[in-house]
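In what follows, a structure is listed as structure tokens, so that the remarks can point back to it.
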Amino acid sequence: MNQHKFNITQYSPKYAEQTVAMWRDSKEQAIGQKEIHSFENHLYFLNSILPEQFQIDLALIDEQVVGMIAYNEREISQLYIHNDYQGIGLGQTLLDKAKEQSSGRLTLYTFEVNEKAQRFYEKHGFNKIGYGHENEENLSDIQYEWMSK
Numbered sequence: 118m119n120q121h122k123f124n125i126t127q128y129s130p131k132y133a134e135q136t137v138a139m140w141r142d143s144k145e146q147a148i149g150q151k152e153i154h155s156f157e158n159h160l161y162f163l164n165s166i167l168p169e170q171f172q173i174d175l176a177l178i179d180e181q182v183v184g185m186i187a188y189n190e191r192e193i194s195q196l197y198i199h200n201d202y203q204g205i206g207l208g209q210t211l212l213d214k215a216k217e218q219s220s221g222r223l224t225l226y227t228f229e230v231n232e233k234a235q236r237f238y239e240k241h242g243f244n245k246i247g248y249g250h251e252n253e254e255n256l257s258d259i260q261y262e263w264m265s266k
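In structure tokens form, the structure reads like this:
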């Protein structure tokens, strides 16, 4: 099934530009609108703000960033997979790592327009628990929760 050999590694700034490029492309395709922040601001967020509260892991194929997740013991902040590599197990592998490191409960938000993400999270044990979190994109979103059994 998985013809692509990938490995999961902790984020390093040497992957910053690749990570942001993949993240932006994936997000734009998922929500149908351009990223509102500049590439430079996105790099700053990835390198200086996100790591203060979240562990960041990357999925790599041949040293190319094809996925990323930012999480802590209670929350998944970001999960993006390269558009060309969705559906091969990268998201599930990253999600499973976050579940293993969790307190037994994880929450996350996804945009309501991103039906693909909703199907993915529901398939992996997340349940809808709320709507309408404020975000910079001014899009409706859904809060999900996962609880270990």
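The working numbering numbers the first residue of the sequence shown as 118 and each following residue consecutively. From the three backbone atoms N, C-alpha and C, an ideal C-beta is built for every residue, glycine too.
Look at the alpha carbon of residue i and the alpha carbon of residue j, and state the distance between them as a whole number of angstroms.
i: I153; j: I178; result: 28 angstroms
i: Q181; j: A187; result: 18 angstroms
i: T126; j: Y132; result: 11 angstroms
i: N119; j: G206; result: Low confidence applies here, because N119 scores a pLDDT of 45, under 50, leaving its location unreliable and the question unanswered by this model.
i: Y197; j: N189; result: 16 angstroms
i: N252; j: D174; result: 23 angstroms
i: Q195; j: E145; result: 14 angstroms
i: S219; j: K151; result: 32 angstroms
i: R236; j: F162; result: 28 angstroms
Could you name the residues that DSSP lists as bridge partners for residue i?
i: N200; result: In DSSP, N200 forms no bridge with anything.
i: G184; result: A176, I198
i: D258; result: F228
i: K245; result: Y261
i: I193; result: Y188
Hey, quick one: how far does the beta strand (DSSP E) through residue i stretch, first residue to last?
i: R222; result: 222–228
i: N124; result: 124–127
What residue range does the alpha helix (DSSP H) around residue i cover?
i: I148; result: 133–148
i: K240; result: 232–240
i: L207; result: 207–218
i: E157; result: 156–161
With a threshold of 8 angstroms (Cβ to nearest heavy atom), would residue i be considered close to the ligand ADP?
i: G221; result: In the structure shown, the ligand ADP is absent, as is every other ligand, since no ligand is present at all.
*Counting pairs of beta carbons, one from the stretch 217–229 and one from the stretch 243–259, are three or more of them closer than 8 angstroms?*
Three or more beta-carbon pairs separated by less than 8 angstroms link the stretch 217–229 to the stretch 243–259, which places the two stretches in contact.
*Would you say the stretch 227–236 touches the stretch 253–260, given that touching needs at least three Cβ pairs under 8 angstroms?*
yes
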